[in-house]
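Participant: Following this message is one structure expressed as structure tokens.
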Amino acid sequence: MIEDRDNSKLAILVAVAERGCDVPECERSLDELERLLNTAGGETYARVIQVKDTFDPRTVIGKGKVAEISELCSVGEVELVVFDFELSPMQIRNLEDDIGNVDVIDRSMLILDIFALHATSGEGKLQVELAQLKYTAPRLTGKGTELSRQGGGIGTRGPGETKLESDRRHLHTKIAALEARLRELEANRAVMRSQRDRSGLKKIAVVGYTNAGKSTLLNRLTDADVLAEDKLFATLDPTTRKYTLPSGETILVTDTVGFIRKLPHHLIKAFKSTLDEVKYADILLIVSDINDPEVAEHLKVTEDIISELGAEAKPRIYVYNKGDKTDGGHYAVPKDNCVIISAKYGYGMGELISLLESVVSAGKTKENLLIPYDKQSVLSSIYNNATVISVEYLDTGIEVFAEMEGSVKGMYRAYIKER
Numbered sequence: 540m541i542e543d544r545d546n547s548k549l550a551i552l553v554a555v556a557e558r559g560c561d562v563p564e565c566e567r568s569l570d571e572l573e574r575l576l577n578t579a580g581g582e583t584y585a586r587v588i589q590v591k592d593t594f595d596p597r598t599v600i601g602k603g604k605v606a607e608i609s610e611l612c613s614v615g616e617v618e619l620v621v622f623d624f625e626l627s628p629m630q631i632r633n634l635e636d637d638i639g640n641v642d643v644i645d646r647s648m649l650i651l652d653i654f655a656l657h658a659t660s661g662e663g664k665l666q667v668e669l670a671q672l673k674y675t676a677p678r679l680t681g682k683g684t685e686l687s688r689q690g691g692g693i694g695t696r697g698p699g700e701t702k703l704e705s706d707r708r709h710l711h712t713k714i715a716a717l718e719a720r721l722r723e724l725e726a727n728r729a730v731m732r733s734q735r736d737r738s739g740l741k742k743i744a745v746v747g748y749t750n751a752g753k754s755t756l757l758n759r760l761t762d763a764d765v766l767a768e769d770k771l772f773a774t775l776d777p778t779t780r781k782y783t784l785p786s787g788e789t790i791l792v793t794d795t796v797g798f799i800r801k802l803p804h805h806l807i808k809a810f811k812s813t814l815d816e817v818k819y820a821d822i823l824l825i826v827s828d829i830n831d832p833e834v835a836e837h838l839k840v841t842e843d844i845i846s847e848l849g850a851e852a853k854p855r856i857y858v859y860n861k862g863d864k865t866d867g868g869h870y871a872v873p874k875d876n877c878v879i880i881s882a883k884y885g886y887g888m889g890e891l892i893s894l895l896e897s898v899v900s901a902g903k904t905k906e907n908l909l910i911p912y913d914k915q916s917v918l919s920s921i922y923n924n925a926t927v928i929s930v931e932y933l934d935t936g937i938e939v940f941a942e943m944e945g946s947v948k949g950m951y952r953a954y955i956k957e958r
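For what it's worth, my numbering labels the leading residue of the sequence shown as 540, then goes sequentially.
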């Protein structure tokens, strides 16, 4: 490992379990932390788990573990230690002082670093910078050194300024400016969302655990050409594309940022405008990796975050992805409206599209309407708000056969022919 350091930064990963708790769960969480580190460009030198009766308020871990980590850092010339839980500013400072000549970050700071790498839109970069200022800056300024992003190390990257002043007043001013700019962008997003609502098109949000294959699914459906990599949080900015179902109805499909266990509440709040795509969707496509041994746990994390976003009542389709690699051994909890697919190779897509079409059409009725020739503008309105199946010009008026939502049906009640 030491010989391969040229292209990655070595790090020690640390977790703490209360005595009597599930240590294997700690191991699984560290597995995920290691993948986060890899995504950020780092490499694991060692993993340390301490089982304690109580947490040390000064450093969380005990003096013996601090000494052990310090020795590991010295032997391996390791410069980064990542804790699998949130640390206070004082705990970071104490740990850095005690371990010596290392950077100490926590899970949230590592996730923010990955967000900084993958944000591409202006709004995404502003959201990352705001989250970093609110969360990272107070912790890093505790080091007693000037906080600079010019070094480019893991946990210090960001898309904003090249240098963050430690002066509190300046930070508050910067935070206020970013919040104001994000409010403007959120208002613009609300206008765009309102326009989509007026279009009458169903909105489908593709949600799920990070790296489950959401972007690959969007690409398969819509040729969206969204970046799809085997990395955590490869997608940060939402992408919306149109897709026409076999029935001829057009829907809007939106890829969203992936979820992860221990996703801090302040990060959900920071990315509220992005995650609102889930809240305002009509249908949720919940994507899971069927090969992952923790698929049931990942699904629970996804459902919990959906509930936190206020979208728990949305109709769902459960999509178990990467079915080309499995015999279904981890497909532990079958659900209604579920399908196994391979978004990469197209396996099961026909079944998914049929299921999607049935859920989209649920609650719709087919109506026969007769529109007088002096009300032809009504026909244009029907095209905008319903799915027109056929149109025939009769002596008595324009006969339209269309499928429409119950909420839309009332708009044209005067023209609906009695059955």
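Note that the Cβ used here is the ideal one computed from N, Cα and C, for glycine as well.
Report back the beta-carbon spacing between F622 and V553 to the nearest angstrom; my notes put them in contact at under 8 Å.
Facilitator: Position 83 of the sequence shown, counted from the first residue, corresponds to residue 622. Position 14 of the sequence shown, counted from the first residue, corresponds to residue 553. Confirmed, Cβ separation roughly 5 Å.
Participant: DSSP three-state label for G601, please.
Facilitator: Your numbering for residue 601 matches position 62 in the sequence shown. DSSP places G601 in coil when its eight states are reduced to three.
Participant: Round the Cβ separation of D645 and L619 to the nearest angstrom and send it over; I've been treating them as touching at under 8 Å.
Facilitator: In the sequence shown, residue 645 corresponds to position 106, counting from 1. In the sequence shown, residue 619 corresponds to position 80, counting from 1. So it is not a contact: roughly 12 Å between Cβ atoms.
Participant: Once the 5 residues before and after L838 are set aside, which same chain residues still bring their CB inside 6 Å of it?
Facilitator: Counting from 1 along the sequence shown, the entry for residue 838 is found at position 299. Here the set comprises S827.
Participant: Answer yes or no: does any C-beta atom of chain B fall closer than 9 Å to that of V817?
Facilitator: Although the question refers to chain B, the structure presented lacks it and comprises just one protein chain.
Participant: Label E890 either buried or exposed according to how many other C-beta atoms from any shown protein chain fall within 10 Å of its C-beta, with 16 as the threshold for buried.
Facilitator: By 1-based counting over the sequence shown, the position of residue 890 is 351. By the neighbour-count rule (16 or more Cβ atoms within 10 Å), E890 is not buried but exposed.
Participant: Alpha helix (DSSP H) containing Q589: first to last residue?
Facilitator: Position 50 of the sequence shown, counted from the start, is the residue given in the question as residue 589. That residue, Q589, is in no alpha helix (DSSP H); its beta strand (DSSP E) goes 581–591.
Participant: Please go through the same chain and pick out, in chain order, the residues whose beta-carbon is closer than 6 Å to the beta-carbon of L626, but skip the five residues on each side of it.
Facilitator: As a first step, residue 626 is located in the sequence shown; it is residue number 87 there, counting from the start. Taken in chain order, the residues that qualify are D645.
Participant: Would you grab the beta carbon distance between V746 and I825 for me? Rounded to a whole angstrom, and I think it's under 8 Å.
Facilitator: Translated into positions along the sequence shown, residue 746 becomes position 207. Translated into positions along the sequence shown, residue 825 becomes position 286. Confirmed, about 6 Å.
Participant: Please tell me whether L823 and K861 are closer than 9 Å, where the distance is taken between their beta carbons.
Facilitator: Taking the first residue of the sequence shown as position 1, residue 823 is located at position 284. Taking the first residue of the sequence shown as position 1, residue 861 is located at position 322. Against a cut-off of 9 Å, the Cβ pair of K861 and L823 comes out as no contact.
Participant: Which one of A658, F810, P777 has the shortest CA to CA distance from R961?
Facilitator: One cannot answer for residue 961 here, as it falls past the ends of the chain, which runs 540 to 958.
Participant: Hey, would you say D794 sits closer than 9 Å to T779, going by beta carbons?
Facilitator: The residue given as residue 794 occupies position 255 in the sequence shown. The residue given as residue 779 occupies position 240 in the sequence shown. Yes, these two residues count as a Cβ contact at 9 Å.
Participant: If the criterion is Cβ atoms closer than 9 Å, does the pair C976 and I588 meet it?
Facilitator: Nothing about residue 976 can be reported from this structure: the residues present for the chain run from 540 to 958 only.
Participant: I856 by DSSP, collapsed to three states: which one?
Facilitator: Start at 1 with the first residue of the sequence shown, and residue 856 comes out as number 317. Looking at I856 - three-state DSSP - the assignment turns out to be strand.
Participant: Could you give the uninterrupted runs of the beta strand (DSSP E) lying entirely in the segment 864–950, keeping only those of 3 residues or more?
Facilitator: Within the segment 864–950, the complete beta strand (DSSP E) runs of at least 3 residues are 877–879, 903–910, 926–933, 936–944.
Participant: Let me know the secondary structure DSSP gives R688 once reduced to three states.
Facilitator: The sequence position of residue 688 within the sequence shown is 149, counting from 1. Low confidence applies to R688: its pLDDT is 39, below 50, so where it sits in the model is not reliable, and the reading given next is rough at best. In this structure, R688 counts as coil in the three-state DSSP scheme.
Participant: Comparing C-alpha positions only, which one of E931, P911, Y932 sits nearest to Y951?
Facilitator: Locating residue 951 in the sequence shown gives position 412, counting from the first residue. Per the Cα distances, P911.
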